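Remarks on the structure that follows.
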Amino acid sequence: MAHYPWFWRRVKFGAIVLVGTGFATGVLGALFIWSGLFDVAATSKHPWPVAVVLHYAMERSVFLHAPELKAPDLDNPTLIVRGATHYASGCASCHGAPGQLASPIAQQMTPTPPGLYSAGRDFTPSQLFWIVKHGVKMTPMPAWPAQQRQDEIWAMVAFLKHLPDYNTEAYAELSGWSGGADFLSNVPATLPGGDFNPLACARCHGADGKGRNGVSPDIAGVSASKIVQALRAYRDGGEKSGFMQPVAASLTDAQIVAAADYYATLPTHAGGGTP
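Be aware that the sequence shown starts at 1, since it is given in UniProt numbering, and climbs by one per residue.
Structure follows, in structure tokens:
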């Protein structure tokens, strides 16, 4: 190459052009941002080329960062129901569900949260686990609030895998979701217990408090003091659970006591003490 000085001159010239172009692009980009011309209003969606690039970047990032994990039995009915009950209260408002559109607020987000009916085909179980656990930056998708609770995350993956299998009626029966009622709303109580409405609790723990055949812990007849202690621990962060913390975080002390008193009075199994 020493005999071809023109070659090195061209290489040097090309390097200068590349560096100069990169510097100029950076300066122009900084000026564009500083000018405020970039419209961050969510009322204007991303242009389709930007949306395509961002989605592709997300997919490539997931493919790179998601490790291959040994999944539990994702066809386990108990695991599927656990995922469905949380999906109904924690995910459907953004992603929609059988017979339920995403909320008007979610539909105005940028990017709009996608429907998840094809998620089980688009991603492997390990990749879905990674997405649910870590969330996705620059989108409304949050990280799982209890990072150490792999059992809860796998429950969500199991439900997402089977989400296309359910129509409106089957989904409502599976999740126990009748729509609209909060934990202690002002609607009349559906079970004996004064002003306490156990609807939200019953979706996981059952109307009788016995855990819907192992879906959730049996809390029928558990002492009120233990239930109060547990709910306060979830509410205040002492105990970690992506299922329980969102429910407990919205409760006042009076509501916690009302829930504890209600479940403490329910009959236990005929064989004796509560599991």
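We put the beta carbon where it would ideally sit given N, CA and C, even for glycine. All values reported here derive from a predicted model rather than from experimental measurement.
Asked, Found
"Excluding five sequence neighbours on each side, which residues of the same chain lie with their C-beta closer than 8 Å to the C-beta of V136?", "M58"
"Considering only C-alpha positions, which residue in the set I16, A230, T43 and K12 is nearest to P111?", "T43"
"Whole-angstrom Cβ separation of L116 and L163, contact assumed at under 8 Å?", "6 Å"
"Could you spell out where the alpha helix (DSSP H) holding Y263 opens and where it closes?", "D253 to A264"
"From the DSSP output, which residues share a beta bridge with Q100?", "A97"
"From D236, V81 and W8, pick the residue whose C-alpha is nearest to that of I153; which is it?", "V81"
"Measure the CB-CB distance between S175 and A88 and report whether it falls below 8 Å.", "yes"
"Kindly list the residues whose CB is nearer than 6 Å to the CB of A260, restricted to its own chain and excluding five residues on each side of it in sequence; keep chain order.", "A224, I227 and V228"
"Would G209 count as contacting chain B if we go by Cβ distances under 8 Å?", "Of the chains in the structure shown, none is chain B; there is only one protein chain."
"Whose CA, out of Y56, G242 and A51, lies closest to the CA of Q150?", "G242"
"Is the beta carbon of V222 closer than 8 Å to that of Y263?", "yes"
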